[in-house]
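Let me begin by presenting the structure, written as structure tokens, before commenting on it.
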Amino acid sequence: NKNDITTVLNHVQATYAKPNPAYFGKGKGMNVIYIHLESFQNFLINYKLHGQEVTPFLNSLTRDKNTFYFDNFFHQTGQGKTSDAEFMLENSLFGLPQGSVFTTKGQNTYQAAPAILGQQGYTSAVFHGNYKTFWNRDEIYKSFGFDHFFDASYYDMNSKDVLNYGLKDKPFFKESIPLLETLKEPFYVKFITLSNHFPYPIDQEDATIEPADTGDGSVDRYFQTARYLDEAVKQFFDYLKQSGLYDRSIIILYGDHYGISDNHNQAMSQIIGKEITPFEHAQLQRVPLFIRVPGVKGGIMHQYGGEIDVLPTLLHLLGIDTKNYIQFGTDLLSPEHQQIVAFRNGDFVTPTVTAINGKYYDSKTGNPIKKNDEIKRDEQIVRTKLNLSDKVVYGDLLRFYTPKGFKPVDRTKYDYNHREE
Ligand code: GP9
Ligand code: MN
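For the sequence shown, my numbering gives the first residue as 141, with consecutive numbering after it.
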């Protein structure tokens, strides 16, 4: 109902975290390049298998002087997996408790990043080596205001370059370069990788590290496909550096969701050397987040946060205040950032407490703790946020509210049909 929008507005205004003046606008006018790291969990970072780093390139980013690496960052996806991650990053709204918001709510009104930035002169595009209808992307991207969607039809999908869900990451990045070069700067672009996807098949010639030896095939191969992804990303960075884009682009890399589900707890316990209790399982939902801003001093950041928080963080770096937007996350770099990470099922993690299915644990030690006032308050905040975000999406409430200075998206202006010249 239409009155709900007032409740939502009051909530987001009360929880708004104002930008940190040390970072606000520090990336103003720069390109934005997202790299979506398929199924990439944070435990891979700096993990050594057979005495070797699994992802040496991504590891090196944790030491890069212009990169923020967030080591207490969690995915918050539900059944919509990749699509939920994309949805949160583009909108700072939660995915739905059931199903995928991409497939069911593609025609809603949104005030997403490509539209916000499009009105500031940015060109936006998504690059992905699978076909455009997967996850209903070709519909919802119009509602987000993406100018271009380079799907599989733009790539050479020959059988030796294709595996599992689509084009392998190395040819994908390579063939993306000439497409990227057609775009006018500044641009807002996203590269969605897919070689590191369950059940982690890999061609022999692409495997540059031996599999793990837990005896669980998908867990064992996960390290090989993660290594392949790491190499593909490194090659793309080489291009960014050599073309000069590196010096005028904010680059953000994030893991979309877990790669190893709890059907593989047995093998995972061998990998991390401890039993996968419900507490450990929650801790394993960390995914990496890297944000590189030329000219800004980065570092390893320990604040807790999740996918819902990335959009306000980015907009503030670009010098765009989020005060008038309906966004449920808060700027990770703001001193007022809210460190309560809500999972889609209502469980949550904070620096002090991990709440799972009505049980509470000390986030540092994993020891059980009793429910106290702080937990009660956090639980209420989580419930309110999920519930209000769901109201926005189910009720298509952004129809009834247009932020100051924002022009509603006209979906009919977008068309992703690929016409050969
Ligand atoms: C396919 C890809 C995979 O296009 O993005 O989605 P997922 O199975 O991870 O949700
Ligand atoms: Mn995914």
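Don't be surprised by glycine CBs; every beta carbon is placed ideally from N, CA and C.
Discussion item. Less than 7 Å between the beta carbons of D396 and A225, yes or no?
Written reply: Here the question's residue 396 lines up with position 256 in the sequence shown. Here the question's residue 225 lines up with position 85 in the sequence shown. In contact: D396 and A225 (Cβ atoms closer than 7 Å).
Fill in: Rounded C-alpha distance that separates G435 from K324
Locating residue 435 in the sequence shown gives position 295, where the first residue counts as 1. Locating residue 324 in the sequence shown gives position 184, where the first residue counts as 1. Rounded to the nearest angstrom, the two C-alpha atoms are 23 Å apart.
Fill in: Other residues of its chain near T524: CB distance less than 8 Å, five sequence neighbours each side excluded
Numbered from its first residue, the sequence shown carries residue 524 at position 384. Result list for T524: H151, in chain order.
Discussion item. Check this for me: beta carbons of R426 and F214, under 7 Å apart or not?
Written reply: Working through the sequence shown from its first residue, we reach residue 426 at position 286. Working through the sequence shown from its first residue, we reach residue 214 at position 74. Yes. Within cutoff.
Worksheet item: With 16 other CB atoms within 10 Å as the buried threshold, where does K381 fall?
Response: As a working mapping, residue 381 is identified with position 241 in the sequence shown. By the neighbour-count criterion, in which a residue is buried when 16 or more other Cβ atoms sit within 10 angstroms of its Cβ, K381 is exposed.
Worksheet item: Between which two residues does the alpha helix (DSSP H) carrying F242 extend?
Response: As a working note, residue 242 is residue 102 in the sequence shown. F242 -> alpha helix (DSSP H) spans V241 to T244.
Practice prompt. Please report how far the alpha carbon of F274 lies from the alpha carbon of L177, in whole angstroms.
Written response: Stepping through the sequence shown from its first residue, residue 274 is reached at position 134. Stepping through the sequence shown from its first residue, residue 177 is reached at position 37. If you take the alpha carbons of F274 and L177, they lie about 17 Å apart.
Worksheet item: Looking at T222 and the ligand MN, is the gap between the Cβ and the nearest heavy atom below 6 Å?
Response: Here the question's residue 222 lines up with position 82 in the sequence shown. Correct: T222 has its Cβ closer than 6 Å to the ligand MN.
Worksheet item: With respect to the alpha helix (DSSP H) encompassing R277, which residues constitute its N-terminal and C-terminal limits?
Response: In the sequence shown, counting from the first residue as 1, residue 277 sits at position 137. From DSSP, the alpha helix (DSSP H) with R277 extends over R277 to F284.
Worksheet item: Around the C-beta of D112, are 16 or more other C-beta atoms found within 10 angstroms, so that it is buried, or is it exposed?
Response: For residue 112 there is no data in the structure shown, the boundaries of the chain being 141 and 561.
Discussion item. Helix, strand or coil for Y305? Go by DSSP, reduced to three states.
Written reply: Within the sequence shown, residue 305 is the residue found at index 165, counting from 1. Three-state result, Y305: coil.
Worksheet item: Could you give the distance in angstroms between the alpha-carbon of P161 and the alpha-carbon of Q443?
Response: The sequence position of residue 161 within the sequence shown is 21, counting from 1. The sequence position of residue 443 within the sequence shown is 303, counting from 1. Spanning the two alpha carbons is a distance of roughly 18 Å.
Discussion item. Run through the DSSP bridge pairs and tell me what L177 is partnered with.
Written reply: Position 37 of the sequence shown, counted from the start, is the residue given in the question as residue 177. According to DSSP, L177 bridges with G395.
Item to complete: Grab the span of the beta strand (DSSP E) containing V493 for me, first residue to last.
Response: Walking along the sequence shown from the start, residue 493 turns up at place 353. Here the beta strand (DSSP E) through V493 covers V493 to I496.
Worksheet item: With a Cβ-Cβ cutoff of 7 Å, do P491 and N182 count as a contact?
Response: As a working mapping, residue 491 is identified with position 351 in the sequence shown. As a working mapping, residue 182 is identified with position 42 in the sequence shown. No, the pair does not count as a contact, with Cβ atoms beyond the cut-off.
Fill in: Rounded straight-line distance, which links the Cα of D343 to that of I509
Numbered from its first residue, the sequence shown carries residue 509 at position 369. Numbered from its first residue, the sequence shown carries residue 343 at position 203. Taking the straight line from one Cα to the other gives about 47 Å.
Practice prompt. Give me the Cα-Cα distance between V329 and T244, rounded to the nearest whole angstrom.
Written response: The count along the sequence shown starts at 1 and reaches residue 329 at position 189. The count along the sequence shown starts at 1 and reaches residue 244 at position 104. The alpha-carbon atoms of V329 and T244 are separated by roughly 24 Å.
Worksheet item: Per DSSP, T263 is paired with what?
Response: Translated into positions along the sequence shown, residue 263 becomes position 123. Bridge partners of T263: F327.
Discussion item. Excluding the 5 residues flanking Q467 on each side, which residues of the same chain have their C-beta closer than 7 Å to its C-beta?
Written reply: Working through the sequence shown from its first residue, we reach residue 467 at position 327. Hits under 7 Å: V152, S232, L451 and P452.
Worksheet item: If we call anything under 7 Å between Cβ atoms a contact, is P341 one with S358?
Response: Here residue 341 refers to the residue found at position 201 when the sequence shown is read from its first residue. Here residue 358 refers to the residue found at position 218 when the sequence shown is read from its first residue. Not in contact: P341 and S358 (Cβ atoms no closer than 7 Å).
Worksheet entry | Coarse secondary structure for H268, derived from DSSP in three states | Sequence index remark: in the sequence shown, residue 268 carries index 128 (1-based). Correct three-state label for H268: strand.
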